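Okay, structure first, notes after.
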Amino acid sequence: MTAHDLKPFVLALLLPPTPFLLLALLGLVLQGRQGPWGRGLVLTGLLGVWLSCSDAAGQALARHVLQLPPGLSGAQLMALKSESQQNQDVAILVLGAGARRMVPEYLGPRLKTRSLERLQYGVWLSRQLQAPLGFSGGIGWNARQGELSEGELAQAAVQKEYLSQFRWLESKSRDTVENARLSLPLLKAEGIHKVLLVTHDMHMPRALRAFQAESQGQLEIIAAPLGLAAEGGQTDWEDWIPSWEGLQRVQYAVYEGLGLLAGR
C-alpha cells in the first residue's frame, strides 16, 4: 500500500466535519470523569460542525487562508483578444477536476461537475478571445486499469456539446504538478507566450504556483478563475445557516489549503 492509496482515508479524517465530530465524541466520553472539560469539547465540536456546513465560513477560509486571485476584468479580456489576434501567442488551458466512472443517466463515464464548469468557461474564453483551447487531465493516482482519462472525456464533451476542438490535449497527468509539467511543453512548442489558466478560484493558488514554477519565467501564466464570490465579500445571515453548498465550500477550501501545504 502506497501513500497515494491512503490519501482517501487521510482526507476523510482531515476534512470537516469529521475532526469536529471526533472532538464532540471525545467530549461525550470524558463527560463522566471530566465534566466541564467534556461539555466544553462537546460544545466546541458541535460549533465546529455548524461552521463546517456554513457558506460564510467557506468564504472566509477562501479569502483569508487561500488568498484568491481576482477574476479577469473586461479591460483584460479586450487587451488579450487584441494580442491574440495580432501575435497568436495566447492560449486557454483548462485543468480537469475529476470524472465519474459511471453516470447512469448518461450510460457511461462523465466529467464531474467542476470539470464541466471549467470546460464551459474555457470554451467561452476561447471564443471571446479567438484563442486556441487546451485541456489537461489524466486518470488520477487511484484509477482502475482501462478507465478513460479526463482528457478523453473532455474531448468527447467539447466536440459533442460545444461543437469545438482542443488544439492541445494532455491526458496523462495525475495531479496539479503533473498538469503543469506535461502540458506546458506542448504550448511552448507552438510559440505560446501567454497562458490563461482556467480552474476554480480555490484551486487557482495551487495551480498558479505549480505552473509558474514549471514555466520558469518563459511563459506568462494568467489566472482565469471561476466560481468567484460576489464582490465585496459581504455575507448575509442566511450564509451562516448549515447547507450542503456550505459544506462543499468549506471542504474544498480545506482540501486546497492542505494541497498547498503538501506542495501538490
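Counting from 1, position 48 in the sequence shown corresponds to residue 48 in UniProt numbering; the numbering is continuous, with no gaps.
Where a beta carbon is used, it is the ideal one built from N, C-alpha and C, also for glycine.
Treat the numbers as computed from the prediction; the structure is a model and nothing was measured.
Residue range of the beta strand (DSSP E) that includes Phe135: Counted from its first residue, the sequence shown places residue 135 at position 135. Looking at the DSSP string, the run of the beta strand (DSSP E) that includes Phe135 is Leu133 to Ser136.
C-beta atoms of Pro185 and Asp201 nearer than 9 Å: Here residue 185 refers to the residue found at position 185 of the sequence shown. Here residue 201 refers to the residue found at position 201 of the sequence shown. No, the Cβ-Cβ distance between Pro185 and Asp201 is not below 9 Å.
Does the contact criterion of 3 or more C-beta pairs under 8 Å hold for the region 232 to 249 versus the region 39 to 46? no
Backbone secondary structure at His200 - three-state DSSP: Within the sequence shown, residue 200 is the residue found at index 200, counting from 1. If DSSP states are grouped into helix, strand and coil, His200 belongs with the strands.
Taking Cβ positions, are Thr176 and Ala131 nearer each other than 9 Å? Position 176 of the sequence shown holds residue 176. Position 131 of the sequence shown holds residue 131. No, Cβ-Cβ distance for Thr176 and Ala131 is not below 9 Å.
Inter-residue Cα distance where the pair is His203 and Ser82: Translated into positions along the sequence shown, residue 203 becomes position 203. Translated into positions along the sequence shown, residue 82 becomes position 82. Cα to Cα, His203 sits roughly 28 Å from Ser82.
Collapsed DSSP secondary structure at Arg206 in the structure displayed: Within the sequence shown, residue 206 is the residue found at index 206, counting from 1. DSSP places Arg206 in helix when its eight states are reduced to three.
Ordered list of beta strand (DSSP E) runs contained in the region 144 to 171, each at least 3 residues: 168 to 170
With DSSP collapsed to three states, give me the class of Ala223. Reading the sequence shown from its first residue, position 223 is the one you call residue 223. The answer is strand: DSSP assigns Ala223 an E or B state.
Residues near Gly96 in its chain [Cβ-Cβ closer than 6 Å; skip 5 each side]: Here residue 96 is taken as the residue at index 96 of the sequence shown, counted from 1. These residues qualify, in order along the chain: Ser115, Gly137 and Glu150.
To the nearest angstrom, report how far apart residue 265 and Leu21 are at their CA atoms. No information on residue 265 is available, as it lies outside the stretch 1 to 264 that the chain covers here.
May I ask you to verify whether the region 237 to 251 touches the region 47 to 66, counting CB pairs closer than 8 Å and requiring at least 3? yes
In angstroms, rounded to a whole number, what distance separates the CA positions of Leu119 and Ala91? Position 119 of the sequence shown, counted from the start, is the residue given in the question as residue 119. Position 91 of the sequence shown, counted from the start, is the residue given in the question as residue 91. Each residue's alpha carbon lies about 14 Å from the other.
Enclosing alpha helix (DSSP H) for Ala182 [first to last residue]: If you number the sequence shown from 1, residue 182 lands on position 182. Looking at the sequence itself, residue 182 is Leu, so the reference to Ala does not match. Note, Leu182: alpha helix (DSSP H), Thr176 to Lys188.
How far does the beta strand (DSSP E) with Leu93 in it reach, from first residue to last? One-based indexing of the sequence shown puts residue 93 at position 93. Counting along the chain, the unbroken beta strand (DSSP E) around Leu93 starts and ends at Val90 to Leu95.
In this structure, how does DSSP classify Lys7 when only helix, strand and coil are distinguished? Sequence index remark: in the sequence shown, residue 7 carries index 7 (1-based). Helix at Lys7.
Express the C-alpha separation of Gly74 and Val103 in angstroms, rounding to a whole number. Counted from its first residue, the sequence shown places residue 103 at position 103. Counted from its first residue, the sequence shown places residue 74 at position 74. When rounded, the distance between both Cα atoms is 37 Å.
Can you name the start and end residues of the beta strand (DSSP E) that Pro109 belongs to? Your numbering for residue 109 matches position 109 in the sequence shown. That run of the beta strand (DSSP E) goes Gly108 to Leu111.
Tell me the DSSP secondary structure of Arg33 in three-state form. Numbered from 1 along the sequence shown, position 33 holds the residue referred to as residue 33. Correct three-state label for Arg33: coil.
Can you pull the DSSP bridge partners for Val195? As a working note, residue 195 is residue 195 in the sequence shown. Answer is Ala91 and Ile221.
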